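Enquirer: In my numbering, the protein residues as written are 853 to 1409. Glycine included, C-beta positions come from ideal geometry on N, C-alpha and C. Quick caveat: nothing in here was measured; it's all calculated off a predicted structure.
#1: Quick one: Cα of residue 1110 to Cα of residue 1030, how far?
#2: Just the C-alpha distance for residue 1026 and residue 1000, rounded to the nearest angstrom, thanks.
#3: Where do the N-terminal and C-terminal ends of the alpha helix (DSSP H) with residue 1043 fall, by residue?
#4: Would you tell me roughly how many angstroms separate the C-alpha atoms of residue 944 and residue 926, rounded to the nearest one?
#5: Would you call the stretch 1085-1102 and the stretch 1036-1053 in contact, with 3 or more CB pairs under 8 Å?
#6: Excluding the 5 residues preceding and the 5 following residue 1068 in the sequence, name in chain order all residues of the same chain whose CB lies nearer than 7 Å to its CB.
#7: What would DSSP say about residue 1351, mapped onto helix, strand or coil?
#8: Got a sec? Which residues, its chain only, sit under 7 Å from residue 1019 by beta carbon, not counting five neighbours each side?
#9: Beta-carbon within less than 6 Å of residue 1141's beta-carbon, same chain only, minus the 5 sequence neighbours each way: which residues are those?
#10: CB-CB under 6 Å to residue 1400, same chain, minus the five flanking residues each way: which ones, in chain order?
#11: If residue 1479 sits next to residue 899, beta carbons under 8 Å apart, how far is it from one beta carbon to the other, in whole angstroms?
#12: Considering only the alpha carbon of each residue, which of 989, 982, 1056, 1117 lies closest to residue 1016?
#13: What are the boundary residues of the alpha helix (DSSP H) that residue 984 is part of?
#14: Kindly say whether residue 1306, judged by its beta-carbon, lies nearer than 8 Å to any beta-carbon of chain B.
#15: Quick one: is residue 1212 buried, meaning 16 or more other Cβ sit within 10 Å of its Cβ, or exposed?
#16: If I measure Cβ to Cβ from residue 1257 and keep anything under 7 Å in the same chain, skipping five residues before and after, which residues do I get?
#17: Is residue 1091 closer than 8 Å to residue 1058 when the C-beta atoms are compared?
#18: Tell me where the alpha helix (DSSP H) around residue 899 begins and ends.
#19: Does the distance from the C-beta atom of residue 969 to that of residue 1008 stay below 8 Å?
#20: State yes or no: is the C-beta of residue 1344 within less than 8 Å of the C-beta of residue 1402?
#21: Does DSSP put residue 1327 in a helix, in a strand, or in coil?
#22: Which residue's Cα is closest to the Cα of residue 950: 965, 930, 934, 938?
#23: Among residues of its own chain, excluding the 5 on either side of residue 1105, which ones have a beta-carbon nearer than 7 Å to its beta-carbon?
#24: For residue 1334, which three-state DSSP category applies?
#25: Along the chain, where does the alpha helix (DSSP H) that runs through residue 1148 open and close?
#26: Over what stretch of residues does the alpha helix (DSSP H) that includes residue 1053 continue unbroken?
#27: What span of residues does the alpha helix (DSSP H) with residue 1087 cover, start to end?
#28: Going by beta carbon distance, what residues of the same chain come within less than 7 Å of residue 1378, once the five residues before and after it are set aside?
#29: Do you know offhand how far residue 1103's Cα is from residue 1066's?
#30: Assuming residue 1099 is part of the alpha helix (DSSP H), what are its boundary residues?
#31: If residue 1392 and residue 1351 are in contact, beta carbons under 8 Å, what's the gap, nearest whole angstrom?
#32: In whole angstroms, what is the alpha-carbon distance linking residue 1207 and residue 1219?
#33: Going by C-alpha to C-alpha distance, which of 1013, 1010, 1040 sits closest to residue 1024?
#34: From 1156, 1042, 1288, 1382, pick the residue whose C-alpha is nearest to that of residue 833; which is it?
#35: Quick check: the Cα distance between residue 988 and residue 932, rounded to an integer number of angstroms?
#36: Under the assumption that residue 1291 contacts residue 1315 (Cβ atoms under 8 Å), give the Cβ distance between them as a whole number of angstroms.
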């Protein structure tokens, strides 16, 4: 029956797989979201406005979906874009949205590798946000928390663990740079660079080379700094990372300015300024204008210094006034998003027809699942019946075990009774021997005063009583002892075949824990004779020293 159920289950599973195809989602919304996220990722290094545009389109679509991994990916991307644009409240809002969804999913699936990875990444992203706002202590706390979670988890793939560790190292070292702790920063950057040899992540390598260059520049090691900046620039040019290229230009310009090579420094600052304008990165432009102002002031070009300073102040003012203008910007953005949402909803209405086919497939899959569920319920019922039979069998075995236990206890009680009976017998024999000894002593005294013709008869009576005492006592004792300890003599003979009959008798008395005085009374030997016999017996039993007690040794046989 179970084999038949298994065949049916395999058939339904194969049919279900053929209908669903690959495990990748076929939902049009998910496909569209992934397309926008990919475009956003492509633009994030070269044009933040374009990256934001495609991420917001994904954000509009994602409202149609339940809370899942796709939403987390969109919110993380939007948070990073707003962080790059300097809109810290918006960045924090999206990071918190991603965290909220991820925590809910983790409660249902605490061992999910991707969700655990997301949790660590989000904590590190909070650190990046703190770092950009100048709260370095809080940033280090977030990086330390992420590193601790990374060490404690055991479900994320080893490759992902190492890569997350790389990011945390790089971020932590970046804070040390901003805290002017350049030597500590270099150690962490070089450690990350070594680990990244396994993965060869070019983007990360570009960031690491650039940061190591900053450390060497601050330590006035300009030749080394220029070398690392050029390595970073080469990687970022290959990746077309315009933000990174502008950063390298600014850093190379600063290095050449510090080296008094002003013409080359001016060229790099100008190139960085043009690139910052092109990608719409105000922070990069401020950095370039600030450096050009200092350069022109140093070289005596005060007019050019003033013009660049004015431009820098204007851009800085726009950044500082952003907080007061944020509400207006948010209203404008909401209006634009609502407009886009209306357009997209009309597009989605057209796509509903395509979803009808998907729904039919879902209904069919649901029906198949119900069928499989019915089979599973039947299988579970059969298993329960089987378990019930097993339980009955176990109860039967338990009852038999209890009966055996009762029989074993009864046997122990019988043995205990026999031990008590034998002890009583021995005590009886002791009393009997004492009586015979007493009578013998009285006859000896009587013999001294008896007539000569009666003395021989009294002596015969004494000898007869002593002889009968020896034979009866031992025979009666040995009968009871063998009954209670049936294997004692066979073990003794096997282990020590050279023992004499009298030595075997002594062993039996000692096993019963009788004292030397009691043995003397039973065997009608003196106490000294018994002590000598015990000494000889110890030698024959090969008992060395006084640590081993002769009686305990025999009682264990």
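Expert: Taking the structure as given:
#1: To locate residue 1110, count along the chain shown from 1; it is residue 258. To locate residue 1030, count along the chain shown from 1; it is residue 178. Taking the straight line joining both Cα atoms gives about 19 Å.
#2: On the chain shown, position 174 is the one that residue 1026 refers to. On the chain shown, position 148 is the one that residue 1000 refers to. Each residue's alpha carbon lies about 19 Å from the other.
#3: Counted from its first residue, the chain shown places residue 1043 at position 191. From DSSP, the alpha helix (DSSP H) with residue 1043 extends over 1034-1047.
#4: Taking the chain shown and counting its residues from 1, the one referred to as residue 944 is at position 92. Taking the chain shown and counting its residues from 1, the one referred to as residue 926 is at position 74. Going from the Cα of residue 944 to the Cα of residue 926 covers about 14 Å.
#5: no
#6: Indexing the chain shown from 1 puts residue 1068 at position 216. Correct list, in chain order: 1076, 1077, 1080.
#7: Locating residue 1351 in the chain shown gives position 499, where the first residue counts as 1. Residue 1351 falls in the coil class under three-state DSSP.
#8: Along the chain shown, read from residue 1 onward, the residue named residue 1019 stands at position 167. Excluding positions up to five away in sequence, the list reads 976.
#9: The residue given as residue 1141 occupies position 289 in the chain shown. Cβ within range, chain order: 1160, 1163, 1164.
#10: As a working note, residue 1400 is residue 548 in the chain shown. If we look at residue 1400 and ignore the five residues flanking it on each side, it has no Cβ neighbours.
#11: Coverage of the chain is limited to positions 853 through 1409, which leaves residue 1479 absent and any answer about it impossible.
#12: Taking the chain shown and counting its residues from 1, the one referred to as residue 1016 is at position 164. Nearest C-alpha to residue 1016: 1056.
#13: Counting from 1 along the chain shown, the entry for residue 984 is found at position 132. Run containing residue 984: 965-984, per the alpha helix (DSSP H) assignment.
#14: No chain B appears in this structure, which consists of one protein chain only.
#15: Translated into positions along the chain shown, residue 1212 becomes position 360. By the neighbour-count rule (16 or more Cβ atoms within 10 Å), residue 1212 is not buried but exposed.
#16: In the chain shown, the residue the question calls residue 1257 occupies position 405. Cβ neighbours of residue 1257 beyond the five flanking positions: none.
#17: The count along the chain shown starts at 1 and reaches residue 1058 at position 206. The count along the chain shown starts at 1 and reaches residue 1091 at position 239. Yes.
#18: Taking the chain shown and counting its residues from 1, one reaches residue 899 at position 47. Segment: none, residue 899 is in no alpha helix (DSSP H) and carries neither H nor E.
#19: Along the chain shown, read from residue 1 onward, the residue named residue 969 stands at position 117. Along the chain shown, read from residue 1 onward, the residue named residue 1008 stands at position 156. For residue 969 and residue 1008, yes; Cβs fall inside 8 Å.
#20: Taking the first residue of the chain shown as position 1, residue 1344 is located at position 492. Taking the first residue of the chain shown as position 1, residue 1402 is located at position 550. Taking 8 Å as the Cβ cut-off, residue 1344 and residue 1402 do not qualify as a contacting pair.
#21: As a first step, residue 1327 must be located in the chain shown, where it is residue number 475. Three-state result, residue 1327: helix.
#22: Here residue 950 corresponds to residue number 98 of the chain shown, with the count starting at 1. Here the closest residue by C-alpha is 930.
#23: Sequence index remark: in the chain shown, residue 1105 carries index 253 (1-based). Cβ within range, chain order: 1117, 1120, 1121, 1124, 1143.
#24: As a working note, residue 1334 is residue 482 in the chain shown. DSSP places residue 1334 in helix when its eight states are reduced to three.
#25: Within the chain shown, residue 1148 is the residue found at index 296, counting from 1. Element bounds for residue 1148: 1134-1150.
#26: Reading the chain shown from its first residue, position 201 is the one you call residue 1053. Taken as a continuous stretch (DSSP letters only), residue 1053 belongs to no alpha helix (DSSP H), as it is neither H nor E.
#27: Taking the chain shown and counting its residues from 1, one reaches residue 1087 at position 235. Residue 1087 -> alpha helix (DSSP H) spans 1074-1091.
#28: As a working note, residue 1378 is residue 526 in the chain shown. These residues qualify, in order along the chain: 1372.
#29: Position 251 of the chain shown holds residue 1103. Position 214 of the chain shown holds residue 1066. Going by the C-alpha atoms only, they are around 7 Å apart.
#30: Taking the first residue of the chain shown as 1, we reach residue 1099 at position 247. Per DSSP, residue 1099 belongs to the alpha helix (DSSP H) from 1094-1110.
#31: As a position in the chain shown, residue 1392 is number 540, starting the count at 1. As a position in the chain shown, residue 1351 is number 499, starting the count at 1. So it is a contact: roughly 6 Å between Cβ atoms.
#32: As a working mapping, residue 1207 is identified with position 355 in the chain shown. As a working mapping, residue 1219 is identified with position 367 in the chain shown. Taking the straight line from one Cα to the other gives about 18 Å.
#33: Against the chain shown, residue 1024 aligns to sequence position 172. It is 1040.
#34: Beyond the ends of the chain as shown, which are 853 and 1409, falls residue 833; an answer cannot be given.
#35: Working through the chain shown from its first residue, we reach residue 988 at position 136. Working through the chain shown from its first residue, we reach residue 932 at position 80. Their backbone Cα atoms lie some 18 Å apart in a straight line.
#36: What you label residue 1291 is simply residue 439 of the chain shown in a count that begins at 1. What you label residue 1315 is simply residue 463 of the chain shown in a count that begins at 1. Incorrect: roughly 13 Å between the Cβ atoms, too far for contact.
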